[in-house]
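Engineer:
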Amino acid sequence: MLDNYLSTTLDDGFSILSWWEIFVRLPNISFVMHKITMDPSHHQSADCKFPYWITDHHTWHLLDHSKTYHFSAHNGTLKVMSTIDGETKLEMRAVCNMILESSENKAMISAHITTGCDSGYRCMSFYRRDGHVIEIQQSNKEVQIAEEACTIQNFNQQTLPFITLVSK
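If you're matching positions, the sequence shown starts at 1 in the UniProt record's numbering and goes up one per residue.
#1: In the DSSP assignment, find the unbroken alpha helix (DSSP H) run with I54 in it and report its ends.
#2: From G131 to L63, what distance separates their C-alpha atoms?
#3: What does the alpha-carbon distance come out to for the pair E87 and T68?
#4: Could you check whether the stretch 49-57 touches the stretch 73-85, counting it as contact only if at least three pairs of C-beta atoms, one from each stretch, sit closer than 8 Å?
#5: The beta strand (DSSP E) that contains C96, what's its start and end?
#6: Per DSSP, T83 is paired with what?
#7: With DSSP run on the structure shown, which of helix, strand or coil describes E142?
#8: For L165, is the classification buried or exposed, using 16 other Cβ atoms within 10 angstroms of its Cβ as the cut-off for buried?
#9: Please state the DSSP three-state secondary structure of Q137.
#10: Taking the beta carbon of I84 as the centre, do at least 16 other beta carbons fall within 10 Å, making it buried, or is it exposed?
#11: Leaving out the 5 sequence neighbours to the left and right, which residues in its chain are closer than 7 Å to Y127 when beta-carbon positions are compared?
#12: Using the Cβ count rule (16 or more neighbours within 10 Å means buried), how would you classify C117?
#13: Return the CA-CA distance between S66 and S82, expressed in angstroms with no decimal places.
#14: Given this structure, state the Cα-to-Cα distance separating C48 from M124, to the nearest angstrom.
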């Protein structure tokens with residue numbers, strides 16, 4: 001499939017052009033080139049992991065068990081699954097991108113979120129309430145720049161709701 005494309009590695013990602021763009025549109029000097037840039041910056045950093053007090057239990061549930069949160073200790077990922085009428089579906093995938101705060105009872109991270117075809121960065125705060133109870137606050141929307149996810153404009157801890165999770 002990539003035989004029909006030319007790719008170039010840039011400092012900020014990969015630039016991909018179709019052969020049609022190269023041979024038909026590129027010679028036109030007034031053409032403003034549109035390209036897909038694949039930004040590798042959303043990949044997690046090797047040391048970005050969820051806190052041990054979350055991943056030790058691996059699986060957490062909402063109080064009504066309508067959603068399950070699967071945390072991986074190995075690769076810094078979170079999968080949120082919902083179950084409706086016995087059918088389980090992936091609702092959201094989060095990849096730890098940057099740890100902003102970490103202690104025995106609280107952690108704040110910037111995570112790359114994928115929901116269906118949409119993706120971006122969200123800020124997530126985790127609070128350890130008990131050995132089997134945690135609470136999460138997260139941004140309401142995704143932003144395209146990881147460093148902006150946890151700014152006060154995108155993540156106001158005073159106004160965001162808490163999501164309570166329990167483990168067995």
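For every residue, glycine included, the Cβ atom is placed at its ideal position computed from N, Cα and C.
Structural biologist: Straight from the coordinates:
#1: Y52 to T55
#2: Rounded to the nearest angstrom, the two C-alpha atoms are 15 Å apart.
#3: 13 Å
#4: yes
#5: Segment E87 to S102, the beta strand (DSSP E) holding C96.
#6: Per DSSP, T88.
#7: It is coil, neither helix nor strand.
#8: buried
#9: strand
#10: Counting Cβ neighbours within 10 Å, I84 comes out exposed, since fewer than 16 surround it.
#11: N105, K106, I134 and E135
#12: exposed
#13: Cα atoms of S66 and S82: separation of roughly 6 Å, rounded to the nearest angstrom.
#14: 13 Å
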